[in-house]
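A.B. asks: Quick note, the sequence shown lines up with residues 71 to 343 if you use the numbering used here.
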Amino acid sequence: MLKTRVITAVVMLAVLLPVTLFAPLTAFGALIGVVLVFAAWEWARLLKLGATGSIVYAIVAAAALAATAPLGVGASSSRPLFMAAGVFWLLVGPFSLRRKPELAGGVWRAFLLAAGLVVFAACWHALVAARAEGVPFVLSLLLVVWLADIGAYFAGKAFGKRKLAITISPGKSWEGAIGGWFAVMVVAGVAMAAHWSEPTLFSAFATRYGMPGAWAALTLLVAYSVIGDLFESLLKRQAGVKDSSGLLPGHGGVLDRVDALLPVLPLAMLLLG
Numbered sequence: 071m072l073k074t075r076v077i078t079a080v081v082m083l084a085v086l087l088p089v090t091l092f093a094p095l096t097a098f099g100a101l102i103g104v105v106l107v108f109a110a111w112e113w114a115r116l117l118k119l120g121a122t123g124s125i126v127y128a129i130v131a132a133a134a135l136a137a138t139a140p141l142g143v144g145a146s147s148s149r150p151l152f153m154a155a156g157v158f159w160l161l162v163g164p165f166s167l168r169r170k171p172e173l174a175g176g177v178w179r180a181f182l183l184a185a186g187l188v189v190f191a192a193c194w195h196a197l198v199a200a201r202a203e204g205v206p207f208v209l210s211l212l213l214v215v216w217l218a219d220i221g222a223y224f225a226g227k228a229f230g231k232r233k234l235a236i237t238i239s240p241g242k243s244w245e246g247a248i249g250g251w252f253a254v255m256v257v258a259g260v261a262m263a264a265h266w267s268e269p270t271l272f273s274a275f276a277t278r279y280g281m282p283g284a285w286a287a288l289t290l291l292v293a294y295s296v297i298g299d300l301f302e303s304l305l306k307r308q309a310g311v312k313d314s315s316g317l318l319p320g321h322g323g324v325l326d327r328v329d330a331l332l333p334v335l336p337l338a339m340l341l342l343g
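Right, dumping it as structure tokens:
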């Protein structure tokens, strides 16, 4: 299992890293579009749309990405999408985790299917807009989610006692979430003090809001990285599956890898728009 996980991770890095670092923006956008279409297919599967329905939904998601592409790559031109996705995550995300509405309800499932098209389109525009700001900027944005996840894992292993959402994801703890937040704050603080490869997300927040505002904005993003993770865990639990798919051997599905990014990316760009 570990060998499979490592091989898959190496292959993913071999594809994603060169494209992120060196490819033209159009190639980067095309690759991210393909990734998100697979994530949309998994979203439909978790919402029990069936094999054929999930494929149709993925095609519709691809069409939605293509249809919104003329908005351009700027944060301001894509702001309506970011606002729509932001409303979904700020309101519907916490509501879902608290109330846990069942997917058996046709209206709720239909709403999530429709909202998913906006969520994936906003995620695509946010990543492309971030990449347009420069490689250090997009990497710093991704780093927020990666650090929150890694910090939560190790802090949870070492100190985790109080369960964060035991009925949704029993392995997550408040101590882990705080550890992830602390990891982000430390790295962001060092990066801002050293003026590392600016502009980054950290320096952009500091310039726009000052240091206290930058800490607050990063705290919001860390919180919603946790909410994005828990939201997908809720969908998987209701669908009765462990992973969103088996597309990435040893890692589960694409949605398992991008769940925390879905709320963080549009919220980050909205805060800077």
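C-beta: ideal position from N, C-alpha, C; glycine also.
Rounding to the nearest angstrom, what Cα-Cα distance links residue 303 and residue 245 in this structure?
C.D. replies: Taking the sequence shown and counting its residues from 1, the one referred to as residue 303 is at position 233. Taking the sequence shown and counting its residues from 1, the one referred to as residue 245 is at position 175. Whole-angstrom Cα-Cα distance: 19 Å.
A.B. asks: Does the contact criterion of 3 or more C-beta pairs under 8 Å hold for the region 112-127 versus the region 181-190?
C.D. replies: Yes, since at least three Cβ pairs between the region 112-127 and the region 181-190 fall closer than 8 Å, the two stretches touch.
A.B. asks: Tell me which same chain residues have a C-beta within less than 7 Å of the C-beta of residue 252, skipping the five on either side of it?
C.D. replies: By one-based count along the sequence shown, residue 252 stands at place 182. Excluding residues within five positions, the ones whose Cβ falls inside 7 Å are 221.
A.B. asks: Strictly by DSSP, which residues pair up with residue 233?
C.D. replies: Taking the sequence shown and counting its residues from 1, the one referred to as residue 233 is at position 163. For residue 233, which the question treats as bridged, DSSP gives the partners 243.
A.B. asks: Tell me which residues share the same chain as residue 278 and place their Cβ nearer than 7 Å to its Cβ, disregarding the 5 neighbours each side in the sequence.
C.D. replies: Residue numbering aside, residue 278 sits at position 208 when the sequence shown is read from its first letter. Cβ within range, chain order: 342.
A.B. asks: Sorted by chain position, which residues of the same chain lie with C-beta nearer than 7 Å to residue 238's C-beta, five sequence neighbours on each side aside?
C.D. replies: Here the question's residue 238 lines up with position 168 in the sequence shown. Closer than 7 Å at the Cβ level, and outside the excluded window around residue 238, lie 167, 300, 303, 304, 307.
A.B. asks: With the cut-off set at 8 Å, would you say residue 270 and residue 261 are in Cβ contact?
C.D. replies: Against the sequence shown, residue 270 aligns to sequence position 200. Against the sequence shown, residue 261 aligns to sequence position 191. Yes, they are a contact pair.
A.B. asks: Have a look at residue 321 and residue 108 and give me their C-alpha separation to the nearest angstrom.
C.D. replies: For this step, residue 321 is matched to residue 251 along the sequence shown. For this step, residue 108 is matched to residue 38 along the sequence shown. Their backbone Cα atoms lie some 14 Å apart in a straight line.
A.B. asks: Just to confirm, is the Cβ distance from residue 294 to residue 337 under 8 Å?
C.D. replies: Locating residue 294 in the sequence shown gives position 224, counting from the first residue. Locating residue 337 in the sequence shown gives position 267, counting from the first residue. Contact: yes.
A.B. asks: Can you grab the Cα-Cα spacing for the pair residue 88 / residue 333, in whole Å?
C.D. replies: In the sequence shown, the residue the question calls residue 88 occupies position 18. In the sequence shown, the residue the question calls residue 333 occupies position 263. Approximately 25 Å, taken between the alpha carbons.
A.B. asks: Just the Cα atoms here: how many angstroms apart are residue 155 and residue 313?
C.D. replies: Looking up residue 155 in the sequence shown gives position 85. Looking up residue 313 in the sequence shown gives position 243. Cα to Cα, the separation comes out at about 24 Å.
A.B. asks: Pull the bridge partners of residue 318 from the DSSP assignment, please.
C.D. replies: In the sequence shown, the residue the question calls residue 318 occupies position 248. Paired residues: 322.
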